[in-house]
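Below is one structure, written out as C-alpha cells; comments come after it.
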Amino acid sequence: MAVCCDLEVDVNGEETFMVDTKIIASYCGRLSKLFGKPAGSGRNLKVIFNDFPGGAESFELMSRFCYNNGRTAITPSNISFLHSAAQFMEMNDSVSGTHNLLEETGKSLEEMNYWTWSELLIATKKCQDLLPFPNSTGILEKCVDSLIGRITTSGEPSPCPSTSSPDSSGVRLSCDTRSTESLKNSFSRATWWFEDLLVLSTNLVGMVFKSMVSQKFDHVIISRFLFYYQKSKCYTGTSDEKREVVETVIDMLYILDWNSVSFKSLFGILRVALNCNIRKCSRTKLESMIGSQMDQATLDNLLIPSPYGMNYLYNVNLVLRFLKAFLHGGISQVFPIQLRKVASLMDFYIAEVAPDPCLKPSKFLALAMALPDSARESYDGIYRATDMYLEVHTGLSKEEKMKICCVLNYEKLSAEACIHLSQNKNFPSKCAVQALMSQQVKLKSLLKATGKTKCYIDSSSGVSETSKQSVLYAGKLDLPTDNDKLRAHLQGMQWRVTELERVCLKMQAPMTKIMKSRVSNNRTSRSLPKLCS
Numbered sequence: 001m002a003v004c005c006d007l008e009v010d011v012n013g014e015e016t017f018m019v020d021t022k023i024i025a026s027y028c029g030r031l032s033k034l035f036g037k038p039a040g041s042g043r044n045l046k047v048i049f050n051d052f053p054g055g056a057e058s059f060e061l062m063s064r065f066c067y068n069n070g071r072t073a074i075t076p077s078n079i080s081f082l083h084s085a086a087q088f089m090e091m092n093d094s095v096s097g098t099h100n101l102l103e104e105t106g107k108s109l110e111e112m113n114y115w116t117w118s119e120l121l122i123a124t125k126k127c128q129d130l131l132p133f134p135n136s137t138g139i140l141e142k143c144v145d146s147l148i149g150r151i152t153t154s155g156e157p158s159p160c161p162s163t164s165s166p167d168s169s170g171v172r173l174s175c176d177t178r179s180t181e182s183l184k185n186s187f188s189r190a191t192w193w194f195e196d197l198l199v200l201s202t203n204l205v206g207m208v209f210k211s212m213v214s215q216k217f218d219h220v221i222i223s224r225f226l227f228y229y230q231k232s233k234c235y236t237g238t239s240d241e242k243r244e245v246v247e248t249v250i251d252m253l254y255i256l257d258w259n260s261v262s263f264k265s266l267f268g269i270l271r272v273a274l275n276c277n278i279r280k281c282s283r284t285k286l287e288s289m290i291g292s293q294m295d296q297a298t299l300d301n302l303l304i305p306s307p308y309g310m311n312y313l314y315n316v317n318l319v320l321r322f323l324k325a326f327l328h329g330g331i332s333q334v335f336p337i338q339l340r341k342v343a344s345l346m347d348f349y350i351a352e353v354a355p356d357p358c359l360k361p362s363k364f365l366a367l368a369m370a371l372p373d374s375a376r377e378s379y380d381g382i383y384r385a386t387d388m389y390l391e392v393h394t395g396l397s398k399e400e401k402m403k404i405c406c407v408l409n410y411e412k413l414s415a416e417a418c419i420h421l422s423q424n425k426n427f428p429s430k431c432a433v434q435a436l437m438s439q440q441v442k443l444k445s446l447l448k449a450t451g452k453t454k455c456y457i458d459s460s461s462g463v464s465e466t467s468k469q470s471v472l473y474a475g476k477l478d479l480p481t482d483n484d485k486l487r488a489h490l491q492g493m494q495w496r497v498t499e500l501e502r503v504c505l506k507m508q509a510p511m512t513k514i515m516k517s518r519v520s521n522n523r524t525s526r527s528l529p530k531l532c533s
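If you want it as C-alpha cells, here you go:
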C-alpha cells in the first residue's frame with residue numbers, strides 16, 4: 001500500500017511528524033471528524049496539538065500502532081502513553097471495531113494486580129510525563145493505588161526486579177550508592193520500599209502521600225519516607241530542585257500528626273531550607289512544627305548562624321519565632337515540665353548569645369522575657385546572662401541598663417547570686433539594693449518560720465528601715481556604704497540560718513531513736529496504760 005505523508009502534525013512544539021492522513025484517521029476518531037472520510041488531494045494539511053499527553057514519544061507510539069495495522073506490544077513501560085494517547089485521539093470502537101487501542105490498553109490495565117513490583121514502579125514512573133496535562137484516563141490514580149496496596153499488603157523485603165521488562169534495570173536511582181545504602185540500613189522491614197520510590201517526581205510523591213493519608217497509613221512511616229526522600233534528592237540536586245523538594249516535603253509533613261514527626265529530622269531539613277530561600281508559607285509551617293516540640297531541642301539546635309547580611313552572630317529572630325509557636329496555644333496548653341525544660345534551655349541560649357557585641361538591647365529583652373515568669377524557679381541563669389551582656393555592652397546608658405535589669409526577678413535569685421550582684425560593678429546601684437532587700441526579706445521569713453526571730457527582729461529593725469529608705473532615695477545616698485551595711489547584715493543572717501540547720505541535723509538523730517523506742521514499746525507493752533506508753 002502506497003504511503004502518502006500529506007499531514008504535518010506539530011506535537012506540543014517538541015517535534016513535527018509527517019504522516020498519512022488516511023492511515024491515522026482510520027484509527028483516530030479525532031482526526032476522522034476533523035478531515036472527514038475522503039482524504040484531501042493535492043495539498044498538505046497541518047495539525048497543531050498543544051496538549052497532547054506524553055508529548056512526542058506518546059504520539060510516535062500511537063502512530064506505530066496505526067501503521068502496524070492496529071497491532072503493538074503493550075508493556076508496563078508504554079501502557080500509560082498508549083492509553084492516554086488513545087483516550088485523547090478517541091481511538092475507540094466507533095472508529096475501528098477490530099483493532100481498538102483504547103480497549104486493548106484497558107484490558108491490560110485490568111491485569112495490573114498481577115504485575116510485579118518493578119512493573120508497577122515502571123508504569124508509575126512513566127506516568128510522570130503525563131502530569132502537566134489533564135489526566136482524564138485515571139491511569140495515574142490506578143498505578144498509585146496499586147503501589148500503595150502492594151506496600152500495605154507486603155511485609156517482605158523488596159521484590160527482585162522483573163526481567164520481563166527491558167526498562168527494569170533503569171528503575172533504580174542513579175545516585176551515590178554509599179549514601180543511599182547507609183540510609184536504607186537504618187530502616188526496618190516495613191520501609192523496604194523507600195529507595196524504590198526515589199525515582200518518582202515531587203508531584204507524583206505528592207499523589208502517593210495523599211493516597212497514603214486517605215488510607216490511614218502509619219504517619220510515622222510516612223514522615224520517615226518524606227525525610228528519606230528529601231535527604232536523597234537534595235544530595236545531588238540543583239538549588240531549584242532542592243527548594244522544590246524541601247517545600248513539597250514541608251507542606252506534606254505539616255498535614256501529618258506532628259508527634260509522629262522526628263524533631264531531629266526537622267532541624268536537618270531546616271538547615272537545607274535556610275539556604276534555599278523557600279516560600280514564606282512553607283517556612284512558617286516548618287517553624288510551627290519545630291516550635292511545638294521546643295522542649296526536645298538542644299542548645300546546638302538553636303545556635304543557628306544569622307542570615308547573610310546581618311551583623312549579629314546567631315539567628316535570634318528565628319528562635320523568637322520558635323518560642324512564639326511553642327506558646328501559640330497559650331500557657332495553659334503547655335505542661336509545666338515542658339515549660340521548665342524550655343526555660344532552662346533558653347537560659348543557656350541567652351548566655352551563649354549575650355556576649356555578641358552586635359546584639360541589640362531590644363533583642364536581649366525579647367529573649368529574656370519571651371517566657372512567662374512561672375516558667376523559671378530560679379533566675380540565676382538570667383542573671384549570669386545579663387551580667388555577660390552588661391560586661392560586653394559597656395556603652396549602655398544608665399537608663400538602658402535599668403531596662404535590661406528589669407528581666408530579673410530578685411525574689412527568685414539565690415543568696416550567692418544576690419551577694420555577687422551587690423558586688424558587681426556592671427549593675428546599677430539600685431539593682432544591687434533591690435537584690436539585697438529581696439534576699440533579706442526571704443531570710444527573715446525563713447527565720448520567722450523556725451520560731452527564733454525575736455532577737456533578729458529587735459536587732460535588725462533599724463537596718464531594715466534604713467534599707468527601705470535606701471531603695472527610695474538610692475539616687476541621693478552614698479549607695480556603696482549602704483550596700484556594705486546590707487551585705488554585712490545579710491551575711492550575719494545567713495550565718496544564723498546555717499546554725500539553725502546544724503541544730504536541726506543534730507536533733508534529727510536523737511529524735512529518730514526516740515521514735516523507734518516508742519514504736520518498740522507500743523508493740524511489747526500492750527497492757528500498759530496510754531499515759532505510760
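Taking full-length UniProt numbering, the leading residue of the sequence shown gets 1, the next gets one more, and so forth. Ideal placement from N, C-alpha and C gives every residue a C-beta, glycine not left out. Please read these numbers as outputs of a predicted model, since none were measured by experiment.
- Where residue 19 sits in the DSSP three-state scheme: strand
- Query: Taking the alpha helix (DSSP H) that residue 209 falls in, what are its first and last residues?
  - Reply: Segment 202-214, the alpha helix (DSSP H) holding residue 209.
- Query: Any chance the CB of residue 130 is under 7 Å from a heavy atom of the ligand COA?
  - Reply: This structure lacks the ligand COA; in fact it carries no ligand of any kind.
- Task: Determine the direct distance from the alpha carbon of residue 230 to that of residue 146, and round the result to whole angstroms.
- Result: 23 Å
- Query: Under a three-way DSSP split, which group does residue 379 fall into?
  - Reply: coil
- Message: To the nearest angstrom, how far is the alpha carbon of residue 400 from that of residue 361?
- Response: 8 Å
- Task: Output the residue ranges of the alpha helix (DSSP H) runs that lie fully inside the region 84-134 and measure 4 residues or longer, sorted by chain position.
- Result: 101-110 and 117-126
- Kindly indicate which three-state DSSP category residue 339 falls into: helix, strand or coil? helix
- Item | Where residue 76 sits in the DSSP three-state scheme | coil
- Span of the alpha helix (DSSP H) around residue 263: From DSSP, the alpha helix (DSSP H) with residue 263 extends over 263-274.
- Query: With DSSP run on the structure shown, which of helix, strand or coil describes residue 10?
  - Reply: DSSP places residue 10 in strand when its eight states are reduced to three.
- Look at the alpha carbon of residue 25 and the alpha carbon of residue 250, and state the distance between them as a whole number of angstroms. The alpha-carbon atoms of residue 25 and residue 250 are separated by roughly 48 Å.
- Query: Assuming residue 404 and residue 348 make a contact with CB atoms under 8 Å, what is their CB distance in whole Å?
  - Reply: Not quite, the Cβ-Cβ distance comes to about 19 Å (not below 8 Å), so this is no contact.
- Query: Applying the criterion that 16 or more other CB atoms from any shown protein chain within 10 Å of the CB defines a buried residue, is residue 529 buried or exposed?
  - Reply: Low local confidence applies: a pLDDT of 39 at residue 529 is under 50, so the model's placement there is unreliable, with the coordinate-based value given in what follows. Exposed is the label assigned to residue 529, since fewer than 16 other Cβ atoms lie within 10 Å of its Cβ.
- Apart from the five residues just before and just after residue 106, which ones in its own chain have a Cβ nearer than 8 Å to its Cβ? 83
- Query: Since residue 45 sits in a beta bridge, which residues does DSSP pair it with?
  - Reply: 7
- Residue burial classification, residue 195 (beta-carbon count within 10 angstroms, cutoff 16): Residue 195 comes out buried.
- Smallest Cα separation from residue 85: which of 372, 213 and 130? 130
- Message: Going by the DSSP bridge assignment, what does residue 314 pair with across the sheet?
- Response: DSSP, once it has assigned bridges, lists 305 as partnering residue 314.
- Message: Can you tell me where the alpha helix (DSSP H) holding residue 71 begins and where it ends?
- Response: Run containing residue 71: none; DSSP gives neither H nor E here.
- Message: By the DSSP assignment, the alpha helix (DSSP H) with residue 54 in it spans what residues?
- Response: Note, residue 54: premise wrong, no alpha helix (DSSP H); not H, not E.
- Task: Return helix, strand or coil for residue 361, following the three-state DSSP convention.
- Result: Residue 361 sits in a helix when the DSSP states are folded into three classes.
- Message: Below 8 Å on the Cβ atoms is my contact criterion, and I expect residue 122 with residue 76 to pass it. Report the Cβ-Cβ distance as a whole number of Å.
- Response: 5 Å
- Item | Distance between residue 307 and residue 17 (C-alpha atoms, nearest Å) | 52 Å
- Rounded to whole angstroms, how far is the Cβ of residue 220 from the Cβ of residue 260, which I believe are closer than 8 Å? 5 Å
- Query: If we count the other Cβ atoms within 10 Å of its Cβ and call it buried at 16 or more, is residue 300 buried or exposed?
  - Reply: Result: exposed.
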